[in-house]
Ligand SMILES: Cc1ncc(C[n+]2csc(CCOP(=O)(O)OP(=O)(O)O)c2C)c(N)n1
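Chains as they are written, first to last, in this note's numbering: chain X, 308 to 651; chain S, 144 to 468.
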């Protein structure tokens with residue numbers, strides 16, 4: 308059993324325990340600590356990507372942390388989560404220990420998938436994180452199957468799947484909406500609307516910018532929320548989960564947010580309007596929490612302690628990951644099939 | 144033993160799987176109440192209730208949900224009405240199902256079974272007549288079976304459902320309503336794999352599968368009258384591939400022909416030919432011969448189709464030519 312720190316939701320290894328917390332009892336400082344784990348992880352990964360220790364396409368969730376943190380506060384252990392390639396934060400919020408995720412991105416043997424998934428396609432089933440997906444929109448039908456299984460098993464698990472704004476223009480997502488609705492599946496669809504799909508504003512790719520209204524034609528209850536407010540996210544996800552557990556079927560939540568960094572590391576972000584990022588910085592979830600804590604008497608020094616505690620645990624986890632051996636090349640054929648004979 | 148058709152053998156296997164394992168789900172378009180467009184799931188909804196159900200015409204949702212349900216411990220057996228329709232949702236097979244086990248280092252698995260059918264029939268249009276088995280065989284992580292007869296339709300489907308991996312069983316609709324034959328519905332369930340020598344011969348080996356087995360066997364019988372003793376192998380599974388069966392046969396006959404209904408270029412015959420040439424060319428005394436449909440699109444008119452699809456006569460001609468080499 309790992310020690311639960313004074314900050315409540317993070318243990319000594321930097322792993323978050325959001326699923327077992329109840330959102331009402333979580334204060335701003337705990338929310339900030341949890342979000343610092345996600346933010347600090349991404350910032351460290353950015354350094355490692357720039358230094359070349361991490362390679363490949365890396366999509367950071369900087370600025371979008373309130374959505375996974377809020378959502379996982381509202382979910383329970385055993386509720387399956389499916390994300391996209393922008394999923395490091397979703398894995399950490401689900402409960403994955405940072406060391407295993409760092410190791411995964413670093414190609415180390417002790418990575419959550421032994422380096423096979425990399426930044427954009429790993430899973431942590433032990434924490435009910437059934438994984439990222441690097442095919443835009445593909446997770447939505449899979450999440451339906453997860454919900455279908457729960458329904459047939461008579462379990463009250465609720466499956467949550469998240470995708471971006473651009474993913475709404477994928478046929479697979481439309482198919483999943485209808486399938487989930489007509490079968491009343493216990494699934495929550497979260498659309499992280501960060502305004503862009505790679506380099507293209509979503510506003511130029513849809514006629515109706517109220518993306519959540521897509522739910523209407525499928526008979527899916529839907530709402531738009533402030534995705535930079537973890538409590539708003541927890542409230543919406545909590546209500547959706549309660550409806551799903553009671554047999555009421557799916558919900559579509561459009562969570563408005565902004566990514567404060569490029570789509571991938573190296574994105575020149577030429578598509579941004581002047582001043583756009585400065586405004587976004589004022590509204591980003593950690594800055595908001597800092598202001599909120601400040602107004603209730605927390606000093607900036609105390610806020611920095613929260614950050615530094617999270618960062619110190621991440622840093623130790625990252626060092627341990629770097630200390631691991633690289634994935635053993637002699638294992639590269641393993642696990643293609645359940646039986647070695649099937650490789651023939 | 145029951146005297147049943149290929150289609151009924153499929154129903155029988157599904158019935159058995161549903162009875163034996165509560166985790167088995169059978170679904171797809173028209174599969175539940177309607178009993179399937181070819182009747183392969185007839186009566187199953189009445190017998191097994193909600194575990195047999197209809198879905199919207201949404202191949203991505205069908206296949207994707209099967210991936211998700213399988214990851215969560217179910218044994219979904221989903222129908223894709225025509226193999227041509229798998230193309231609108233290939234992502235869920237080629238990008239999703241087959242990666243689950245490997246990428247997660249075996250922490251997860253996706254033991255879904257996809258049933259589909261393929262092939263040309265008089266009048267079938269170019270979008271309802273393709274033979275795409277090579278495309279699936281090109282996909283590591285998938286098990287690919289093509290039953291040519293009722294017993295195999297029964298047994299191979301059960302093998303697929305029991306396997307802890309994604310499986311595609313490609314049936315052929317020209318076989319569904321053939322003769323009723325004895326099928327052992329209690330046959331033991333074996334692991335996927337294994338070719339079968341269905342006709343022994345000394346002069347020449349023909350490897351084939353699925354509906355092409357019929358004309359191949361007819362041609363082999365006719366070849367005997369010309370003094371050519373043909374050995375015929377029903378490959379049954381392309382993954383796993385039973386190459387030892389092919390090597391054993393050609394070590395006796397020294398001549399190899401592969402016959403399939405799929406297009407020649409990149410067809411699975413090319414893989415067998417490449418393996419034989421690469422690993423056992425010394426066993427051959429003649430070039431490997433491939434028989435299939437030329438590289439064109441499939442017309443609907445029966446006369447035009449007949450000019451393209453190998454039949455017993457055209458296969459016989461190829462056999463006799465190869466035998467003379
Ligand atoms: C099927 C598919 N098409 C295109 C891509 C390339 N691609 C990767 S991310 C992305 C943008 C997706 O935008 P959005 O859904 O808004 O999510 P975000 O990246 O903003 O989180 C695109 C086009 C892909 N991975 N998969």
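Don't be surprised by glycine CBs; every beta carbon is placed ideally from N, CA and C.
Quick caveat: nothing in here was measured; it's all calculated off a predicted structure.
Query	Result
What did DSSP end up calling residue 415/X once you bin it into helix, strand or coil?	strand
Evaluate the contact criterion for the region 325-343 of chain X versus the region 599-616 of chain X: three or more CB pairs, one atom per stretch, below 8 Å.	yes
Less than 8 Å between the CB atoms is what I'm expecting for residue 321/X and residue 624/X, so what's the real figure, rounded?	5 Å
Got a sec: is the Cβ-Cβ distance from residue 199/S to anything in chain X below 7 Å?	yes
Using DSSP with H/G/I as helix, E/B as strand and the rest coil, what is residue 429/X?	coil
How do the region 524-544 of chain X and the region 487-501 of chain X stand: do at least 3 beta-carbon pairs fall below 8 Å, yes or no?	yes
Give the DSSP bridge partners of residue 423/S, in chain order.	Answer is none; residue 423/S lacks a bridge partner.
Examine the Cβ distances between the region 525-537 of chain X and the region 549-564 of chain X and report whether three or more of them are shorter than 8 Å.	yes
Cutting at 8 Å between CB atoms, please list the residues of its own chain near residue 350/X, excluding the five before and the five after it.	369
How big is the Cα-Cα spacing for residue 588/X and residue 381/S?	56 Å
Give the secondary structure of residue 382/S by DSSP, where H, G and I count as helix, E and B as strand, and everything else as coil.	strand
Taking the beta strand (DSSP E) that residue 400/S falls in, what are its first and last residues?	399-406
Does DSSP put residue 562/X in a helix, in a strand, or in coil?	strand
By how many angstroms is the C-alpha of residue 367/X removed from the C-alpha of residue 351/S?	51 Å
Using DSSP with H/G/I as helix, E/B as strand and the rest coil, what is residue 282/S?	coil
Per DSSP, residue 374/S is paired with what?	348/S
Taking the alpha carbon of residue 433/S as the point to measure from, which residue in 448/S, 425/S, 403/S, 241/S has its own alpha carbon closest?	403/S
So residue 459/X is in the alpha helix (DSSP H); what residue range does that whole segment cover?	446-460
Which residues, in chain order, does the region 508-524 of chain X contribute to contact with chain S at a C-beta distance below 7 Å?	none
Straight-line CA distance for residue 449/X to residue 330/X?	28 Å
I'd like to confirm something about residue 574/X: is its beta-carbon nearer than 6 Å to some heavy atom of ligand 1, or not?	no
Contact between the region 258-272 of chain S and the region 623-639 of chain X is defined here as three or more beta-carbon pairs at a separation below 8 Å; is this criterion met?	no
Can you name the residues of chain S whose CB is closer than 9 Å to the CB of residue 382/X?	Simply none; closest approach about 16 Å.
Thinking just about the alpha-carbon of each residue, which of 557/X, 414/X, 332/X is nearest to the one in residue 526/X?	557/X
Could you tell me which chain X residues have their CB closer than 8 Å to the CB of residue 335/S, listed as they occur along the chain?	649
Is the distance from the Cβ of residue 465/S to the Cβ of residue 347/S below 7 Å?	yes
Use the C-beta contact count for residue 389/X: other C-beta atoms within 10 angstroms, 16 or more gives buried, fewer gives exposed.	buried
Taking a contact to mean a Cβ-Cβ separation below 7 Å, would you say residue 453/S touches residue 265/S in this structure?	no
Is any non-hydrogen atom of ligand 1 found closer than 6 Å to the C-beta of residue 242/S, if you look at the structure I gave you?	no
What are the boundary residues of the alpha helix (DSSP H) that includes residue 640/X?	No alpha helix (DSSP H) holds residue 640/X; DSSP gives it neither H nor E.
Kindly list, in the order they appear in chain X, the residues whose Cβ is closer than 7 Å to that of residue 290/S.	Going along chain X, no residue has its Cβ under 7 Å from residue 290/S, so there is no contact; the nearest lies around 18 Å.
Short of 7 Å Cβ to Cβ, which residues in the region 411-441 of chain X face chain S?	420, 421, 423, 424, 428, 430, 432, 437
For residue 471/X, report the span of its beta strand (DSSP E) as first-last.	466-471
To the nearest whole angstrom, what separates the beta carbons of residue 295/S and residue 252/S, a pair I think is in contact under 8 Å?	Wrong, their Cβ atoms sit about 25 Å apart, outside the cutoff.
From the DSSP secondary-structure annotation, give me the bridge partner or partners of residue 504/X.	507/X
Any C-beta of chain X within less than 8 Å: which residues of the region 275-299 of chain S qualify?	283, 284, 286
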